[in-house]
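Counting in the numbering used here, the sequence shown runs from 14 upward without gaps.
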Amino acid sequence: MSIYLNKASKVIVQGITGREGLYHANRMRAYGTNVVGGVTPGKGGQSVEQFDVFDTVSEARAKIGADTSVIFVPPPFAADAILESADAGIALIICITEGIPVHDMLKVMSVIPPSVRVIGPNCPGVITPGEALAGIMPGHVFSHGRVGLISRSGTLTYEIVDQLTRAGIGQSTCVGIGGDPIIGTVFVDCLQAFERDDATDAVVLVGEIGGTDEEDAAALIRDKQIVKPVVAFIGGRSAPEGKRMGHAGAIVSGGGGTAKAKIAAFESVNVPVAESPADIPSLIAAAMRLPARV
């Protein structure tokens, strides 16, 4: 079992005839993902490197049963690509595209039905090690195991997973939720999914400055809705107020969204917070030896 993605998922790539789309479609297929084709308007009926290309997502869903889409569409068209997938009945939409206007994402998230899960935009995707990879993650650093991971940062995801794998701690599913101000799936959603997942024993949560998603996750733990062990890391501790630090959502303003506030929120509910990524393997190993919260 896993959350969101598994070896049975039928993945299409929106923008498969573009350089990035085709490159990562091949990487996903090489990892073992069931990539069943792609979509590029106006190029339906063609085949690129043995991937069937369709004009629309609806056509791809009708003909090959696609249920998951990974989007590599330029920013001006990416919001429409998400909506097209949702309208076609795709259950899991993973948007890799960076730079989608905030107003476009606000419109998207206001009409997406609850039955559709959007991950991203500006995210590295999802991986269930040993089963399937949907996105741009480097599959070779991941190993199968029983620790879930949620992260706003792609680079920190790879760094922390590498530390876990080297320590002999495998992962059940890793979800890069993205660092934009408006994203689909947030920490709370993933924590609830991992809590229900029989294949996950503990969770690593990788946050950063900006927004309130980390505080919302801490509140969920405080309210006993999450009893599995959780270890956190917050990036951007030394970021100056008012200065954007890489991700569009990683900005401290008006005294809110600081690393200090997020760390305090987790510590108040007895979630260990790592000083550095190198500390996470020992913290998660220790947390998994403790009795579950009740």
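Just so it is clear, CB atoms sit at the ideal spot from N, CA and C, and this is done for glycine as well.
Note that this is a predicted model, so its numbers are computed, not measured.
Pop quiz: Val243 and Val284 are said to be a contact at Cβ under 8 Å. What is the actual Cβ separation, rounded to whole angstroms? 5 Å
Figure out for me which residue from Ile247, Lys275 and Met301 has the closest Cα to the Cα of Glu288. Ile247
Can you confirm whether the region 142-157 touches the region 192-201 when touching is taken to mean that 3 or more C-beta pairs between the two stretches lie within less than 8 Å? no
8 Å CB neighbourhood of Val49 in its chain, flanking five on each side removed: Lys23, Val24, Ile25, Asp65, Ala73, Ile77, Gly78 and Ala79
Helix, strand or coil at Arg32 [DSSP, three-state]: helix
Alpha-carbon spacing of Ile29 relative to Gly112, whole angstroms: 19 Å
Return the chain-ordered list of same chain residues with a C-beta closer than 8 Å to the C-beta of Phe210, the five sequence neighbours on each side being excluded. Per the sequence shown, the amino acid found at residue 210 is Asp instead of Phe. Closer than 8 Å at Cβ, skipping near neighbours: Met14, Ser15, Ile16, Gly161, Ser185 and Thr186.
Which whole runs of the alpha helix (DSSP H) in the region 85-148 are 4 residues long or more, in chain order? 88-101 and 115-124
Compute the Euclidean distance between the alpha carbons of Glu97 and Ser281, then round it to the nearest angstrom. 42 Å
Taking contact to mean 3 or more Cβ pairs, one atom from each stretch, closer than 8 Å, check whether the region 163-176 and the region 115-125 are in contact. no
Kindly indicate which residue of Thr225, Gly220, Lys241 and Gly223 has the alpha-carbon position closest to the one of Asp214. Lys241
Please name the residue in Ala291, Arg250 and Ile293 whose C-alpha comes closest to that of Lys273. Arg250
Kindly indicate which three-state DSSP category Ser60 falls into: helix, strand or coil? strand
Return helix, strand or coil for Ala38, following the three-state DSSP convention. helix
For Gly51, the residue or residues it bridges with in DSSP: Val26 and Val66
Cβ-Cβ separation, Ile125 to Gly138 (assumed contact under 8 Å), whole Å: Incorrect: roughly 18 Å between the Cβ atoms, too far for contact.
DSSP has Ile196 in a bridge; who is on the other side? Partner(s): none; Ile196 has no beta bridge.
Any idea what DSSP makes of Ser164, helix, strand or coil? strand
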